[in-house]
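Those letters in the sequence shown? Residues 1 to 541, per UniProt numbering, in order.
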Amino acid sequence: MTSTLYFNGVVLTMDAADSCAQAVLTEGEIIRAVGLEADLRARMPAGTREVDLHGQTLIPAFIDPHGHFPDPGFIRLFRVNLASAPSGDCPDIPTALDRLRAKAANTPAGDWVMGVLFDNTAIAEGRMPTREELDSVSADHPVWVIHASGHNGAANSLALARHGVNRDTPDPIGGRFGRDPETGALTGLIEGLSAMGELGDTDFLIDRERFWAGFDSCRDEYLAYGVTYAQNAWATRKMLEHFASLPADQDPGYDLMLLPIGGLEPALTEGPDALDWPRNPHFTLGPRKLFTDGAFQLQTAFLSAPYHKPADPAHPCGMPYADAAEHRAEVMKLHSLGYQIHCHCNGDAGAQMFIDAVAAALEAIPRADHRHTIIHGQALRDDQLQQMADLGMTVSFFPAHVHFWGDRHYDTFLGPERAERISPCASAERFGVRYTIHNDASVTPTRPIHLAHCAVNRLTASGRRLGEAQRVSALSALRAQTIDAAWQVFQENTRGSIEPGKLADFAVLNRNPLPDPEAIETTKVTRTIRRGQTVWAQEHK
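Structure representation (C-alpha coordinates):
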(Lines of atoms letter the chains of each structure in order from A and count residues from 1; the text may use other names and numbers.)
(Lines give C-alpha, C1' and ligand atoms only; values in the text may rest on other atoms or scores of the structure.)
Protein backbone atom coordinates (compact mmCIF):
# COMPACT_ATOMS: atom_id res chain seq x y z
CA MET A 1 0.00 0.00 0.00
CA THR A 2 1.48 3.33 -1.11
CA SER A 3 2.52 5.83 1.56
CA THR A 4 2.62 9.56 0.88
CA LEU A 5 4.27 12.40 2.81
CA TYR A 6 2.86 15.91 2.42
CA PHE A 7 5.36 18.48 3.62
CA ASN A 8 6.72 22.04 3.27
CA GLY A 9 3.41 23.76 3.85
CA VAL A 10 0.93 24.83 6.49
CA VAL A 11 -1.40 22.05 7.67
CA LEU A 12 -4.66 23.28 9.21
CA THR A 13 -5.97 20.11 10.82
CA MET A 14 -9.41 21.30 12.04
CA ASP A 15 -9.01 18.97 15.01
CA ALA A 16 -10.52 19.79 18.40
CA ALA A 17 -7.59 22.07 19.25
CA ASP A 18 -7.39 23.63 15.76
CA SER A 19 -3.82 22.39 15.60
CA CYS A 20 -1.38 23.49 12.92
CA ALA A 21 1.10 20.85 11.73
CA GLN A 22 4.12 20.67 9.43
CA ALA A 23 3.44 17.41 7.61
CA VAL A 24 1.01 14.56 7.04
CA LEU A 25 1.78 10.91 6.35
CA THR A 26 -0.84 8.75 4.63
CA GLU A 27 -1.02 5.05 3.79
CA GLY A 28 -3.40 4.19 0.99
CA GLU A 29 -6.60 6.09 1.68
CA ILE A 30 -5.99 6.57 5.42
CA ILE A 31 -4.09 9.23 7.39
CA ARG A 32 -1.40 7.54 9.49
CA ALA A 33 0.39 10.44 11.20
CA VAL A 34 0.29 14.22 11.56
CA GLY A 35 2.96 16.40 13.10
CA LEU A 36 6.54 17.57 12.67
CA GLU A 37 8.17 16.79 9.33
CA ALA A 38 11.27 15.34 10.95
CA ASP A 39 9.23 12.95 13.08
CA LEU A 40 7.19 11.74 10.11
CA ARG A 41 10.28 11.26 7.95
CA ALA A 42 11.79 9.12 10.69
CA ARG A 43 8.83 6.75 10.62
CA MET A 44 7.81 6.73 6.96
CA PRO A 45 8.45 3.44 5.13
CA ALA A 46 10.89 3.06 2.27
CA GLY A 47 9.44 4.06 -1.08
CA THR A 48 7.14 6.71 0.40
CA ARG A 49 5.97 9.17 -2.24
CA GLU A 50 6.70 12.79 -1.33
CA VAL A 51 4.45 15.75 -2.17
CA ASP A 52 6.08 19.15 -1.70
CA LEU A 53 3.38 21.70 -0.90
CA HIS A 54 5.72 24.57 -1.80
CA GLY A 55 4.48 26.70 1.06
CA GLN A 56 0.80 26.19 0.30
CA THR A 57 -1.86 25.23 2.86
CA LEU A 58 -3.30 21.76 3.33
CA ILE A 59 -6.77 21.49 4.87
CA PRO A 60 -9.37 18.72 5.11
CA ALA A 61 -11.34 18.50 1.88
CA PHE A 62 -14.55 20.50 1.95
CA ILE A 63 -17.85 18.86 2.81
CA ASP A 64 -21.11 20.17 1.38
CA PRO A 65 -23.54 20.09 4.34
CA HIS A 66 -26.66 20.65 2.23
CA GLY A 67 -27.22 20.49 -1.52
CA HIS A 68 -28.77 18.48 -4.30
CA PHE A 69 -25.99 16.53 -6.01
CA PRO A 70 -26.02 15.81 -8.97
CA ASP A 71 -28.56 18.49 -9.97
CA PRO A 72 -25.86 20.95 -11.16
CA GLY A 73 -24.78 18.31 -13.68
CA PHE A 74 -28.35 17.91 -14.92
CA ILE A 75 -28.57 21.66 -15.45
CA ARG A 76 -25.30 21.81 -17.36
CA LEU A 77 -26.18 18.94 -19.69
CA PHE A 78 -29.94 18.85 -20.14
CA ARG A 79 -31.67 22.07 -19.10
CA VAL A 80 -31.85 25.73 -20.12
CA ASN A 81 -29.99 28.04 -17.73
CA LEU A 82 -32.07 31.18 -17.13
CA ALA A 83 -30.11 32.61 -14.18
CA SER A 84 -29.82 36.39 -13.91
CA ALA A 85 -26.95 38.40 -12.43
CA PRO A 86 -24.97 37.95 -10.27
CA SER A 87 -24.95 34.21 -11.02
CA GLY A 88 -25.99 34.35 -14.69
CA ASP A 89 -26.63 36.57 -17.71
CA CYS A 90 -30.36 36.33 -18.47
CA PRO A 91 -31.64 39.92 -18.05
CA ASP A 92 -35.30 39.70 -19.04
CA ILE A 93 -38.20 37.47 -20.07
CA PRO A 94 -37.73 37.91 -23.86
CA THR A 95 -34.18 36.58 -23.51
CA ALA A 96 -35.47 33.65 -21.46
CA LEU A 97 -38.12 32.87 -24.08
CA ASP A 98 -35.53 32.99 -26.88
CA ARG A 99 -33.34 30.49 -25.02
CA LEU A 100 -36.30 28.19 -24.48
CA ARG A 101 -37.25 28.44 -28.19
CA ALA A 102 -33.73 27.46 -29.17
CA LYS A 103 -33.97 24.40 -26.93
CA ALA A 104 -37.40 23.51 -28.33
CA ALA A 105 -36.07 23.72 -31.89
CA ASN A 106 -33.63 20.92 -31.05
CA THR A 107 -36.06 18.81 -29.01
CA PRO A 108 -38.46 16.23 -30.50
CA ALA A 109 -42.11 17.32 -30.50
CA GLY A 110 -43.89 16.14 -27.38
CA ASP A 111 -40.73 16.09 -25.22
CA TRP A 112 -40.35 18.51 -22.33
CA VAL A 113 -38.38 21.74 -22.47
CA MET A 114 -37.21 22.76 -19.00
CA GLY A 115 -35.73 26.10 -17.96
CA VAL A 116 -34.06 26.48 -14.57
CA LEU A 117 -32.65 29.06 -12.13
CA PHE A 118 -35.18 31.73 -13.19
CA ASP A 119 -35.39 34.45 -10.53
CA ASN A 120 -38.40 36.75 -10.59
CA THR A 121 -36.65 39.16 -8.19
CA ALA A 122 -33.65 39.60 -10.50
CA ILE A 123 -35.31 39.62 -13.93
CA ALA A 124 -36.21 43.02 -15.45
CA GLU A 125 -39.97 42.39 -15.37
CA GLY A 126 -39.96 41.33 -11.72
CA ARG A 127 -42.28 38.35 -12.28
CA MET A 128 -42.48 34.79 -13.55
CA PRO A 129 -43.35 34.19 -17.23
CA THR A 130 -47.03 33.61 -17.99
CA ARG A 131 -48.73 30.61 -19.54
CA GLU A 132 -49.33 32.61 -22.71
CA GLU A 133 -45.67 33.63 -22.96
CA LEU A 134 -44.57 30.03 -22.57
CA ASP A 135 -47.20 28.92 -25.09
CA SER A 136 -45.42 31.23 -27.55
CA VAL A 137 -42.27 29.15 -27.09
CA SER A 138 -44.00 26.04 -28.43
CA ALA A 139 -47.41 24.48 -28.73
CA ASP A 140 -45.81 21.09 -29.38
CA HIS A 141 -43.65 20.85 -26.26
CA PRO A 142 -44.62 20.99 -22.59
CA VAL A 143 -42.55 23.92 -21.28
CA TRP A 144 -41.69 24.21 -17.59
CA VAL A 145 -39.62 27.00 -16.02
CA ILE A 146 -38.61 26.40 -12.41
CA HIS A 147 -37.59 29.18 -10.04
CA ALA A 148 -34.03 29.46 -8.73
CA SER A 149 -35.25 28.54 -5.25
CA GLY A 150 -36.88 25.36 -6.54
CA HIS A 151 -40.12 26.35 -4.82
CA ASN A 152 -42.26 27.49 -7.72
CA GLY A 153 -42.40 27.54 -11.49
CA ALA A 154 -44.37 28.49 -14.57
CA ALA A 155 -45.85 26.13 -17.14
CA ASN A 156 -47.34 26.43 -20.61
CA SER A 157 -50.75 24.99 -21.43
CA LEU A 158 -49.40 21.61 -22.53
CA ALA A 159 -47.30 21.26 -19.37
CA LEU A 160 -50.32 22.07 -17.18
CA ALA A 161 -52.33 19.43 -19.02
CA ARG A 162 -49.54 16.85 -18.62
CA HIS A 163 -49.44 17.72 -14.90
CA GLY A 164 -53.18 17.10 -14.65
CA VAL A 165 -54.05 20.66 -13.64
CA ASN A 166 -57.09 22.60 -14.83
CA ARG A 167 -58.99 25.64 -13.59
CA ASP A 168 -61.05 23.45 -11.23
CA THR A 169 -58.05 21.78 -9.56
CA PRO A 170 -58.05 22.71 -5.84
CA ASP A 171 -54.97 24.17 -4.18
CA PRO A 172 -53.18 21.69 -1.88
CA ILE A 173 -51.87 22.54 1.59
CA GLY A 174 -48.70 24.59 1.18
CA GLY A 175 -49.21 25.15 -2.54
CA ARG A 176 -51.36 26.98 -5.06
CA PHE A 177 -52.05 27.27 -8.77
CA GLY A 178 -51.98 30.80 -10.15
CA ARG A 179 -55.32 32.04 -11.43
CA ASP A 180 -56.48 35.24 -13.07
CA PRO A 181 -58.39 37.13 -10.33
CA GLU A 182 -61.17 38.11 -12.74
CA THR A 183 -61.63 35.07 -14.97
CA GLY A 184 -60.19 32.28 -12.85
CA ALA A 185 -58.11 31.08 -15.80
CA LEU A 186 -54.80 29.42 -14.99
CA THR A 187 -51.83 31.80 -15.32
CA GLY A 188 -49.29 28.96 -15.51
CA LEU A 189 -47.83 29.70 -12.07
CA ILE A 190 -47.43 26.70 -9.75
CA GLU A 191 -46.29 27.48 -6.21
CA GLY A 192 -45.10 25.14 -3.48
CA LEU A 193 -43.72 21.61 -3.50
CA SER A 194 -47.13 20.07 -2.86
CA ALA A 195 -48.54 21.73 -5.99
CA MET A 196 -45.46 21.10 -8.15
CA GLY A 197 -45.26 17.40 -7.35
CA GLU A 198 -42.74 15.66 -9.59
CA LEU A 199 -42.11 18.95 -11.43
CA GLY A 200 -40.23 20.08 -8.32
CA ASP A 201 -38.05 16.99 -7.99
CA THR A 202 -34.45 17.32 -9.13
CA ASP A 203 -34.78 13.99 -10.95
CA PHE A 204 -37.66 15.24 -13.14
CA LEU A 205 -37.06 13.98 -16.71
CA ILE A 206 -33.90 12.13 -15.63
CA ASP A 207 -33.55 8.51 -16.73
CA ARG A 208 -30.71 6.17 -15.72
CA GLU A 209 -28.40 7.21 -18.57
CA ARG A 210 -28.89 10.92 -17.90
CA PHE A 211 -28.48 10.35 -14.18
CA TRP A 212 -24.98 8.94 -14.49
CA ALA A 213 -23.96 11.55 -17.08
CA GLY A 214 -25.12 14.28 -14.71
CA PHE A 215 -23.39 12.53 -11.81
CA ASP A 216 -20.03 12.54 -13.60
CA SER A 217 -20.39 16.20 -14.58
CA CYS A 218 -21.31 17.28 -11.06
CA ARG A 219 -18.54 15.15 -9.52
CA ASP A 220 -15.90 16.79 -11.69
CA GLU A 221 -17.18 20.27 -10.80
CA TYR A 222 -17.18 19.63 -7.04
CA LEU A 223 -13.72 18.07 -7.06
CA ALA A 224 -12.36 21.15 -8.84
CA TYR A 225 -13.44 23.21 -5.82
CA GLY A 226 -12.02 20.87 -3.21
CA VAL A 227 -15.30 19.18 -2.23
CA THR A 228 -15.10 15.41 -1.78
CA TYR A 229 -18.27 14.73 0.22
CA ALA A 230 -21.71 16.11 -0.59
CA GLN A 231 -25.43 15.52 -0.20
CA ASN A 232 -28.51 14.78 -2.17
CA ALA A 233 -30.86 16.39 0.32
CA TRP A 234 -34.22 15.54 -1.28
CA ALA A 235 -33.91 11.97 -2.48
CA THR A 236 -37.07 10.60 -4.04
CA ARG A 237 -37.45 6.85 -4.38
CA LYS A 238 -36.65 7.19 -8.08
CA MET A 239 -33.44 9.06 -7.25
CA LEU A 240 -32.48 6.45 -4.66
CA GLU A 241 -33.03 3.71 -7.24
CA HIS A 242 -30.63 5.50 -9.59
CA PHE A 243 -27.98 5.53 -6.86
CA ALA A 244 -28.77 1.92 -5.99
CA SER A 245 -27.98 0.88 -9.57
CA LEU A 246 -24.26 1.17 -8.74
CA PRO A 247 -22.83 -2.22 -7.69
CA ALA A 248 -21.68 -2.40 -4.09
CA ASP A 249 -18.04 -2.95 -5.08
CA GLN A 250 -17.75 -0.04 -7.53
CA ASP A 251 -16.21 3.37 -6.71
CA PRO A 252 -18.01 6.18 -8.57
CA GLY A 253 -15.20 8.61 -7.79
CA TYR A 254 -17.23 10.47 -5.19
CA ASP A 255 -18.76 10.00 -1.73
CA LEU A 256 -22.28 11.12 -0.89
CA MET A 257 -24.87 11.20 1.85
CA LEU A 258 -28.43 10.72 0.62
CA LEU A 259 -31.40 12.17 2.51
CA PRO A 260 -34.63 10.32 1.66
CA ILE A 261 -37.90 12.25 1.78
CA GLY A 262 -39.27 11.73 5.27
CA GLY A 263 -42.73 10.82 4.05
CA LEU A 264 -41.33 7.70 2.36
CA GLU A 265 -40.74 6.04 5.72
CA PRO A 266 -41.21 3.42 6.98
CA ALA A 267 -42.18 1.77 3.67
CA LEU A 268 -38.88 2.80 2.07
CA THR A 269 -36.77 0.67 4.39
CA GLU A 270 -39.22 -1.84 5.91
CA GLY A 271 -41.70 -4.33 4.55
CA PRO A 272 -42.25 -6.01 1.17
CA ASP A 273 -41.69 -2.87 -0.90
CA ALA A 274 -38.50 -1.77 0.84
CA LEU A 275 -35.78 -0.37 -1.39
CA ASP A 276 -33.15 -2.93 -2.38
CA TRP A 277 -30.10 -1.00 -1.24
CA PRO A 278 -26.73 -2.48 -2.34
CA ARG A 279 -24.81 -0.84 0.53
CA ASN A 280 -22.16 0.70 -1.68
CA PRO A 281 -19.74 2.28 0.84
CA HIS A 282 -19.60 5.51 -1.16
CA PHE A 283 -23.34 6.21 -0.81
CA THR A 284 -24.75 6.51 2.71
CA LEU A 285 -28.41 6.84 3.66
CA GLY A 286 -28.55 9.69 6.15
CA PRO A 287 -31.14 11.94 7.80
CA ARG A 288 -34.73 12.04 6.61
CA LYS A 289 -35.86 15.32 5.06
CA LEU A 290 -38.91 17.42 5.91
CA PHE A 291 -40.20 20.92 5.07
CA THR A 292 -42.13 23.54 7.01
CA ASP A 293 -42.08 26.47 4.55
CA GLY A 294 -40.85 27.90 1.25
CA ALA A 295 -38.46 30.56 -0.04
CA PHE A 296 -37.79 34.23 0.69
CA GLN A 297 -37.58 35.15 -3.00
CA LEU A 298 -41.20 34.03 -3.40
CA GLN A 299 -42.27 35.30 0.03
CA THR A 300 -43.37 31.79 0.94
CA ALA A 301 -40.85 31.47 3.79
CA PHE A 302 -43.09 31.49 6.90
CA LEU A 303 -42.43 34.49 9.17
CA SER A 304 -43.86 35.50 12.53
CA ALA A 305 -44.16 39.14 11.34
CA PRO A 306 -45.07 40.39 7.86
CA TYR A 307 -42.59 40.84 5.05
CA HIS A 308 -41.10 44.29 4.74
CA LYS A 309 -42.98 44.81 1.46
CA PRO A 310 -45.57 42.02 1.21
CA ALA A 311 -46.16 40.80 -2.34
CA ASP A 312 -49.37 38.97 -1.44
CA PRO A 313 -51.73 40.82 0.94
CA ALA A 314 -53.54 37.54 1.61
CA HIS A 315 -50.31 35.99 2.95
CA PRO A 316 -48.23 38.88 4.40
CA CYS A 317 -46.18 36.48 6.55
CA GLY A 318 -45.67 33.85 3.88
CA MET A 319 -47.14 30.40 4.21
CA PRO A 320 -46.47 27.10 5.96
CA TYR A 321 -45.88 24.07 3.77
CA ALA A 322 -47.41 21.71 6.32
CA ASP A 323 -50.20 21.55 8.85
CA ALA A 324 -48.64 21.98 12.30
CA ALA A 325 -50.29 18.89 13.78
CA GLU A 326 -49.35 16.73 10.79
CA HIS A 327 -45.79 18.03 10.91
CA ARG A 328 -45.52 17.21 14.59
CA ALA A 329 -46.79 13.69 13.91
CA GLU A 330 -44.27 13.22 11.09
CA VAL A 331 -41.38 14.37 13.31
CA MET A 332 -42.58 12.03 16.08
CA LYS A 333 -42.73 9.11 13.62
CA LEU A 334 -39.23 9.64 12.25
CA HIS A 335 -37.77 10.33 15.70
CA SER A 336 -39.37 7.17 17.10
CA LEU A 337 -37.89 5.17 14.22
CA GLY A 338 -34.44 6.40 15.26
CA TYR A 339 -33.76 8.67 12.28
CA GLN A 340 -32.01 12.00 12.33
CA ILE A 341 -34.18 14.71 10.76
CA HIS A 342 -33.11 17.61 8.54
CA CYS A 343 -35.93 20.10 8.11
CA HIS A 344 -36.06 23.00 5.66
CA CYS A 345 -37.10 26.05 7.69
CA ASN A 346 -36.38 29.46 6.16
CA GLY A 347 -38.65 31.74 8.20
CA ASP A 348 -38.71 31.99 11.98
CA ALA A 349 -42.33 30.79 12.14
CA GLY A 350 -41.39 27.81 9.97
CA ALA A 351 -38.46 27.10 12.30
CA GLN A 352 -40.71 27.30 15.36
CA MET A 353 -42.93 24.56 13.94
CA PHE A 354 -39.95 22.23 13.79
CA ILE A 355 -38.48 23.29 17.14
CA ASP A 356 -41.81 22.65 18.85
CA ALA A 357 -42.15 19.28 17.10
CA VAL A 358 -38.65 18.23 18.19
CA ALA A 359 -39.35 19.32 21.76
CA ALA A 360 -42.51 17.21 21.82
CA ALA A 361 -40.69 14.21 20.32
CA LEU A 362 -37.87 14.44 22.86
CA GLU A 363 -40.31 14.73 25.74
CA ALA A 364 -42.03 11.53 24.60
CA ILE A 365 -38.87 9.66 23.57
CA PRO A 366 -35.67 11.17 25.04
CA ARG A 367 -32.58 10.79 22.88
CA ALA A 368 -29.25 12.23 24.01
CA ASP A 369 -27.51 12.78 20.66
CA HIS A 370 -30.12 13.14 17.92
CA ARG A 371 -28.60 16.13 16.04
CA HIS A 372 -31.93 17.10 14.47
CA THR A 373 -31.07 19.93 12.10
CA ILE A 374 -32.72 23.07 10.83
CA ILE A 375 -31.76 23.68 7.21
CA HIS A 376 -31.32 27.35 6.24
CA GLY A 377 -32.64 28.90 9.48
CA GLN A 378 -32.12 32.31 7.96
CA ALA A 379 -34.48 34.20 10.24
CA LEU A 380 -33.71 32.40 13.51
CA ARG A 381 -34.17 34.64 16.57
CA ASP A 382 -32.00 34.55 19.68
CA ASP A 383 -34.77 32.97 21.75
CA GLN A 384 -35.01 30.18 19.17
CA LEU A 385 -31.26 29.60 19.23
CA GLN A 386 -31.48 29.26 23.00
CA GLN A 387 -34.27 26.69 22.57
CA MET A 388 -32.17 24.82 20.05
CA ALA A 389 -29.17 24.78 22.38
CA ASP A 390 -31.35 23.40 25.18
CA LEU A 391 -32.76 20.70 22.88
CA GLY A 392 -29.42 19.68 21.36
CA MET A 393 -30.41 20.81 17.87
CA THR A 394 -28.08 22.05 15.15
CA VAL A 395 -28.47 24.23 12.05
CA SER A 396 -27.01 24.61 8.57
CA PHE A 397 -27.06 28.26 7.46
CA PHE A 398 -27.20 29.67 3.93
CA PRO A 399 -24.93 32.76 4.06
CA ALA A 400 -24.57 32.82 0.26
CA HIS A 401 -27.95 34.58 0.43
CA VAL A 402 -26.06 37.62 1.73
CA HIS A 403 -24.30 37.95 -1.62
CA PHE A 404 -26.98 36.77 -4.04
CA TRP A 405 -30.14 38.23 -2.41
CA GLY A 406 -28.90 40.35 0.49
CA ASP A 407 -29.84 43.66 -1.11
CA ARG A 408 -33.37 42.40 -1.72
CA HIS A 409 -33.60 41.12 1.85
CA TYR A 410 -32.68 44.62 2.99
CA ASP A 411 -35.01 46.51 0.64
CA THR A 412 -37.96 44.16 0.11
CA PHE A 413 -38.09 40.83 1.91
CA LEU A 414 -37.13 41.45 5.53
CA GLY A 415 -36.23 45.12 5.80
CA PRO A 416 -33.04 46.55 7.35
CA GLU A 417 -33.32 45.21 10.90
CA ARG A 418 -34.12 41.57 10.14
CA ALA A 419 -31.88 41.49 7.06
CA GLU A 420 -28.89 42.40 9.22
CA ARG A 421 -29.11 39.01 10.91
CA ILE A 422 -29.99 36.59 8.11
CA SER A 423 -28.04 33.36 8.61
CA PRO A 424 -27.03 34.42 12.14
CA CYS A 425 -23.82 32.39 12.46
CA ALA A 426 -22.27 34.57 15.16
CA SER A 427 -25.42 34.37 17.29
CA ALA A 428 -25.37 30.59 16.98
CA GLU A 429 -21.79 30.60 18.25
CA ARG A 430 -22.78 32.74 21.24
CA PHE A 431 -25.56 30.32 22.19
CA GLY A 432 -23.38 27.26 21.70
CA VAL A 433 -25.32 25.89 18.71
CA ARG A 434 -22.93 24.03 16.43
CA TYR A 435 -23.62 24.99 12.82
CA THR A 436 -22.55 24.47 9.23
CA ILE A 437 -22.86 26.62 6.09
CA HIS A 438 -24.01 25.58 2.63
CA ASN A 439 -24.78 26.72 -0.92
CA ASP A 440 -27.87 24.55 -1.53
CA ALA A 441 -26.68 23.82 -5.07
CA SER A 442 -28.06 24.31 -7.55
CA VAL A 443 -29.78 27.32 -5.90
CA THR A 444 -26.30 28.84 -5.71
CA PRO A 445 -23.21 27.01 -7.04
CA THR A 446 -21.08 24.98 -4.65
CA ARG A 447 -18.10 27.28 -4.07
CA PRO A 448 -16.69 26.71 -0.56
CA ILE A 449 -14.24 29.62 -0.56
CA HIS A 450 -16.86 32.12 -1.73
CA LEU A 451 -19.28 30.70 0.82
CA ALA A 452 -16.71 31.24 3.56
CA HIS A 453 -16.23 34.80 2.26
CA CYS A 454 -19.99 35.36 2.60
CA ALA A 455 -19.98 34.19 6.22
CA VAL A 456 -16.82 36.09 7.12
CA ASN A 457 -17.34 39.39 5.29
CA ARG A 458 -21.13 39.45 4.65
CA LEU A 459 -20.99 41.63 1.54
CA THR A 460 -24.00 41.88 -0.75
CA ALA A 461 -23.71 41.99 -4.55
CA SER A 462 -23.78 45.81 -4.34
CA GLY A 463 -20.99 45.84 -1.73
CA ARG A 464 -23.16 46.61 1.32
CA ARG A 465 -21.94 45.09 4.59
CA LEU A 466 -25.03 43.24 5.78
CA GLY A 467 -24.83 42.28 9.44
CA GLU A 468 -21.51 43.30 10.98
CA ALA A 469 -22.53 41.60 14.24
CA GLN A 470 -23.05 38.25 12.46
CA ARG A 471 -19.59 38.02 10.91
CA VAL A 472 -17.54 35.00 11.97
CA SER A 473 -13.85 34.17 11.75
CA ALA A 474 -12.27 32.50 8.74
CA LEU A 475 -11.50 29.51 10.96
CA SER A 476 -15.18 29.16 11.89
CA ALA A 477 -16.20 29.37 8.23
CA LEU A 478 -13.72 26.63 7.29
CA ARG A 479 -14.70 24.41 10.22
CA ALA A 480 -18.35 24.82 9.19
CA GLN A 481 -17.48 23.13 5.89
CA THR A 482 -15.09 20.49 7.22
CA ILE A 483 -15.21 18.96 10.72
CA ASP A 484 -18.50 20.58 11.77
CA ALA A 485 -20.10 19.44 8.51
CA ALA A 486 -18.87 15.90 9.18
CA TRP A 487 -20.14 16.03 12.77
CA GLN A 488 -23.59 17.26 11.71
CA VAL A 489 -24.25 13.97 9.89
CA PHE A 490 -22.39 11.63 12.30
CA GLN A 491 -19.31 11.30 10.07
CA GLU A 492 -16.79 12.97 12.38
CA ASN A 493 -14.95 9.72 13.09
CA THR A 494 -14.06 9.15 9.43
CA ARG A 495 -13.65 12.58 7.78
CA GLY A 496 -13.63 16.34 8.27
CA SER A 497 -10.26 16.81 9.98
CA ILE A 498 -6.66 15.79 9.41
CA GLU A 499 -6.15 13.21 12.14
CA PRO A 500 -4.74 9.67 12.19
CA GLY A 501 -7.24 7.01 11.17
CA LYS A 502 -9.41 9.28 9.05
CA LEU A 503 -9.77 9.31 5.29
CA ALA A 504 -7.02 11.09 3.37
CA ASP A 505 -9.34 13.67 1.83
CA PHE A 506 -7.55 17.02 1.44
CA ALA A 507 -7.74 20.33 -0.37
CA VAL A 508 -4.55 22.26 -1.11
CA LEU A 509 -4.98 26.05 -1.01
CA ASN A 510 -2.65 28.56 -2.63
CA ARG A 511 -2.51 30.58 0.61
CA ASN A 512 -3.38 30.36 4.26
CA PRO A 513 -6.78 32.11 4.53
CA LEU A 514 -6.64 32.67 8.29
CA PRO A 515 -4.29 35.67 8.68
CA ASP A 516 -6.22 37.94 6.29
CA PRO A 517 -9.95 37.12 6.44
CA GLU A 518 -10.87 40.22 4.42
CA ALA A 519 -9.06 38.63 1.47
CA ILE A 520 -10.35 35.09 1.93
CA GLU A 521 -12.04 35.16 -1.49
CA THR A 522 -8.61 35.38 -3.18
CA THR A 523 -7.83 31.90 -1.88
CA LYS A 524 -7.84 29.20 -4.57
CA VAL A 525 -7.91 25.41 -4.48
CA THR A 526 -4.89 24.09 -6.38
CA ARG A 527 -5.26 20.37 -5.70
CA THR A 528 -7.90 17.97 -4.42
CA ILE A 529 -6.99 14.62 -2.86
CA ARG A 530 -9.68 11.98 -2.33
CA ARG A 531 -8.94 8.79 -0.46
CA GLY A 532 -5.23 9.36 -0.87
CA GLN A 533 -5.30 10.02 -4.62
CA THR A 534 -5.04 13.35 -6.42
CA VAL A 535 -8.31 13.67 -8.32
CA TRP A 536 -7.96 17.27 -9.49
CA ALA A 537 -5.02 19.63 -9.85
CA GLN A 538 -4.71 23.13 -11.21
CA GLU A 539 -3.00 23.26 -14.58
CA HIS A 540 0.18 25.31 -14.51
CA LYS A 541 0.88 27.25 -17.68
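Each residue gets a CB set at the ideal place from its N, CA and C atoms; glycine is no exception.
Option in Pro-281, Pro-399, Gln-22 and Thr-130 with minimal Cα separation from Ala-244: Pro-281
Leaving out five residues before and five after Glu-198 in sequence, what residues of the same chain have Cβ atoms less than 6 Å from its Cβ? Phe-204
State the DSSP-derived secondary structure class of Glu-191, mapped to helix, strand or coil. strand
May I have the straight-line CA-CA distance separating Pro-91 from Ala-124, to the nearest angstrom? 6 Å
If distances are taken between C-alpha atoms only, which option among Thr-522, Gly-110 and Ala-195 comes closest to Asn-152? Ala-195
Measure the C-alpha to C-alpha separation of Ala-16 and Thr-107 and round it to an integer number of angstroms. 54 Å
Are Gly-188 and Leu-117 close, meaning C-beta to C-beta below 8 Å? no
Could you pull the start and end residues of the alpha helix (DSSP H) that Thr-95 belongs to? 93-105
For Glu-521, which residues in the same chain have their Cβ closer than 7 Å to its Cβ, ignoring the five residues on either side in sequence? Ile-449, His-450 and His-453
Cutting at 8 Å between CB atoms, please list the residues of its own chain near Glu-539, excluding the five before and the five after it. none
Three or more beta-carbon pairs under 8 Å between the region 210-223 and the region 66-74, yes or no? yes
Decide if Asn-166 is buried, meaning its Cβ has at least 16 other Cβ atoms within 10 Å, or exposed. exposed
From Leu-77, His-147, Pro-316 and Tyr-225, residue whose alpha carbon lies closest to that of Arg-447: Tyr-225
Touching or not, the region 421-432 and the region 366-375, by the rule of three or more beta carbon pairs under 8 Å? no
For His-409, count neighbouring Cβ atoms within 10 angstroms of its own Cβ and tell me buried if that reaches 16, exposed if not. buried
Where does the unbroken beta strand (DSSP E) through Asn-152 begin, and where does it stop? 152-155
Which residues mark the beginning and the end of the alpha helix (DSSP H) in which Phe-404 is found? 400-408
Classify Asn-457 as helix, strand or coil using the three-state DSSP reduction. helix
Simplified DSSP state of Gln-231, which is helix, strand or coil: strand
Note down the Cα distance separating Leu-264 from Ser-87, rounded to an integer number of angstroms. 34 Å
Beta strand (DSSP E) containing Ala-23: first to last residue? 23-27
Exposed or buried, which one is Pro-515 when buried takes at least 16 other CB atoms within 10 Å? exposed
Around the Cβ of Met-1, are there at least 16 other Cβ atoms within 10 angstroms (buried) or fewer (exposed)? exposed
Bridge-paired residues (DSSP) for Gln-533: Arg-530
Can you list, in chain order, the stretches of the beta strand (DSSP E) that have 3 or more residues and sit fully within the region 213-289? 227-235, 255-260 and 283-285
Specify the secondary structure class of His-315 as computed by DSSP and reduced to three states. coil
From the DSSP output, read off the bridge partner residues of Asp-135. In DSSP, Asp-135 forms no bridge with anything.
Where do the ends of the beta strand (DSSP E) carrying Cys-425 lie? No beta strand (DSSP E) contains Cys-425, which is instead part of the alpha helix (DSSP H) from 425-430.
Applying the criterion that 16 or more other CB atoms from any shown protein chain within 10 Å of the CB defines a buried residue, is His-54 buried or exposed? exposed
Go ahead and label Arg-208 buried or exposed: buried means 16 or more other beta carbons lie within 10 angstroms of its beta carbon, across all protein chains shown. exposed
Once you ignore the five residues that flank Pro-129 on each side, which residues in its own chain have a CB closer than 8 Å to its CB? Ile-93, Ala-96, Leu-97, Phe-118, Val-145, Ala-154 and Gly-188
Close-in-space but distant-in-sequence residues of the same chain around Ser-336 (CB under 6 Å, 5 per side omitted): Ile-365
Could you tell me the alpha carbon to alpha carbon distance between Asp-312 and Ile-498, rounded to whole angstroms? 50 Å
Alpha carbon to alpha carbon, what distance is there between Glu-270 and Asp-411? 49 Å
For Leu-12, count the other beta carbons within 10 Å of its own beta carbon; 16 or more makes it buried, fewer makes it exposed. Which is it? buried
Member of Asp-383, Cys-425, Gly-406 and Glu-420 whose CA lies at the smallest distance from the CA of Ser-396: Cys-425
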